[in-house]
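According to the working numbering, the sequence shown is numbered sequentially starting from 330.
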Amino acid sequence: MNARIFPNALPRADARTLRWSIGALLFLSTVINYIDRQTLSVLAPILKTEFRWTNSDFALVVIAFRAAYALGQTASGRFLDRVGTRRGLSLTVGLYSAVAMLSSLAVGLRSFAVFRFLLGAGESANWPGAIKAVAEWFPRRESGWAVALVDSGSSVGAALAPFIVFGVYKLTGSWRPAFIVTGTLGFLWLPLFRWVYRDRASAEIGVDASQSPPLSYRTLLALPQTWGIVIGKGLTDPVWFFITDWFAVFLTSRGFALQESLLAFWVPFLAADLGNFTGGGLSSALIRRGWRVGAARKLVVVVGTIGMLLLVPAIYATSLWRVAACFAGATFSYAAVSTMILNLPADLYPSRSVATVSGLSGTAAGLGTIAATYATGLVADRYSFEPVLLGASLIPVAAMIAILALVRNGEATRKGVVHAI
330 MNARIFPNAL PRADARTLRW SIGALLFLST VINYIDRQTL SVLAPILKTE FRWTNSDFAL
390 VVIAFRAAYA LGQTASGRFL DRVGTRRGLS LTVGLYSAVA MLSSLAVGLR SFAVFRFLLG
450 AGESANWPGA IKAVAEWFPR RESGWAVALV DSGSSVGAAL APFIVFGVYK LTGSWRPAFI
510 VTGTLGFLWL PLFRWVYRDR ASAEIGVDAS QSPPLSYRTL LALPQTWGIV IGKGLTDPVW
570 FFITDWFAVF LTSRGFALQE SLLAFWVPFL AADLGNFTGG GLSSALIRRG WRVGAARKLV
630 VVVGTIGMLL LVPAIYATSL WRVAACFAGA TFSYAAVSTM ILNLPADLYP SRSVATVSGL
690 SGTAAGLGTI AATYATGLVA DRYSFEPVLL GASLIPVAAM IAILALVRNG EATRKGVVHA
750 I
């Protein structure tokens, strides 16, 4: 660390402890974020029976969340770049935690849709905020591990949600308290985050966190790198959200009872956790060995995309554990790819524009997920889940091609508008 460049920087050991403490807090935020959103998915079979929803009805409730989540990410990304990570995440986590608790008051399709829309608006800031924080606090040689840690929170949250939610349901005999219990978690996290997190990373740990104004949307959208990230995320995230939103419904459609499949339910999410750290760790290891950052990220993207084709054998699997194994292989691969795509804004852009680019890609992912969710409900009702699994395996190949073709060092990179990778 160069004291002449960063005269107020912390000693190396203290800086490392501080930034990984922040990484742990971002991980916990993502865990809570996913527990809140998965509460509905875990309760879906119960709610569908009580309110007599079809798969298409349930898809509308999911879409209400996705619409706000998609559009909100572009707005929240810009908001975070302007007000800072600490203030921005404090406000949005408080918002979605309150909405999660209020969801216990829902009385039918419309009220659930309203609460899910508000939840999506609040939760939309999580990823732009987390990636912005990584750009502010972590050097590139560690950013793969940092994003893997944060991204793993999604699978941990998704894996914990069935046990928490179903446990509360069994204990109380009602689905309503589950929303209250999960909603309180964000309020427990907030004081710790505000105590630890600061917005002055460059002065304290020696990471070059630019304080220049965010790049304009016109400048960002003129860069092929931006479109590579947007298309890549827009075509891969729907696979993950199909699994998180529909896995319980898919298992019951195959004749597996919800209680009997509870143990198998967490296996794909545990595999996703391993995929996060495998992808992040491999890319970081390659960078330490002298690989260019872009080459290391893209290798993981290619291998992970091939692995996502494992959803195809799930069409023909007949046992619960074979189905779970196929989904586990796909989620492991998806998580490795996701970690790389999430890293790209921090790799390429000044820190004051990272949340904006992350938000744009999140909006693309949200819009893609809305379309995929609607199609899933329609196809599952009229045919089966088999065409859905086939599409979920093949569409990420287009994402891989976009990343390989567009995320490269162009003229704008050489002029310093974005960083070279």
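The beta-carbon is built from N, C-alpha and C at its ideal position, and this holds for glycine as well. Model, not experiment: these values are computed from the prediction.
Which residue from GLY515, ARG381, TYR678, TYR663 puts its Cα closest to that of SER722?
-> Of the candidates GLY515, ARG381, TYR678, TYR663, the one whose C-alpha sits nearest the C-alpha of SER722 is TYR663.
ARG711: first and last residue of the uninterrupted alpha helix (DSSP H) it sits in | 680–711
Hey, how far is the Cα of LEU638 from the Cα of PHE585?
-> Taking the Cα positions, LEU638 is about 23 Å away from PHE585.
By DSSP, does THR346 sit in helix, in strand, or in coil?
-> helix
Any idea what DSSP makes of ARG617, helix, strand or coil?
-> helix
What residues in its chain sit with their C-beta under 6 Å from that of LEU735, if we drop five residues either side in the sequence?
-> PRO553, TRP556, GLY557
Decide if GLY496 is buried, meaning its Cβ has at least 16 other Cβ atoms within 10 Å, or exposed.
-> Counting C-beta atoms within 10 angstroms of its own C-beta, GLY496 has fewer than 16 neighbours from the protein chains shown and is therefore classed as exposed.
Verify whether the separation of the beta carbon atoms of THR368 and THR511 is less than 8 Å.
-> Yes.
Do VAL391 and THR702 have their CB atoms nearer than 8 Å?
-> Yes, the pair counts as a contact, with Cβ atoms nearer than the cut-off.
In whole angstroms, what is the alpha-carbon distance linking VAL686 and PHE356?
-> Using only the alpha carbons, I get a separation of about 21 Å.
Hey, GLY759 and GLY688: beta-carbon distance below 8 Å or not?
-> Here the chain comprises residues numbered 330 to 750, so residue 759 is not present and cannot be evaluated.
The alpha helix (DSSP H) with ILE670 in it runs from where to where?
-> 649–677
Secondary structure of SER545, DSSP reduced to three states | coil
Determine the DSSP secondary structure at TRP466, reduced to helix, strand or coil.
-> helix
So, are the CB atoms of ARG470 and ARG617 less than 8 Å apart?
-> yes
If we call anything under 8 Å between Cβ atoms a contact, is LEU418 one with PHE522?
-> yes
Run through the stretch 412–469 for me and flag every whole alpha helix (DSSP H) of 4 or more residues, listed as ranges in chain order.
-> 414–431, 438–452, 455–466
Same chain only: Cβ atoms within 7 Å of PRO716, ignoring 5 sequence neighbours per side = VAL708
Taking buried to mean at least 16 other C-beta atoms within 10 Å of its own C-beta, is GLY619 buried or exposed?
-> exposed
For the alpha helix (DSSP H) that contains ILE732, what are its first and last residues?
-> 715–735
PHE656 to VAL578 span [Cα, whole Å] = Rounded to whole angstroms, PHE656 to VAL578 spans 14 Å at the Cα level.
Could you work out which residue in ARG711, ILE724, GLY691 is closest to SER450 when comparing CA atoms only?
-> It is worth fixing the name first, because residue 450 is Ala in this sequence and not Ser. With distances taken between Cα atoms, ALA450 lies closest to GLY691.
Taking VAL525 as the reference, which of LEU649, ARG415, ARG621 has the closest Cα?
-> ARG415
Do you know offhand how far TRP349's Cα is from GLY706's?
-> When only Cα atoms are considered, TRP349 and GLY706 end up about 41 Å apart.
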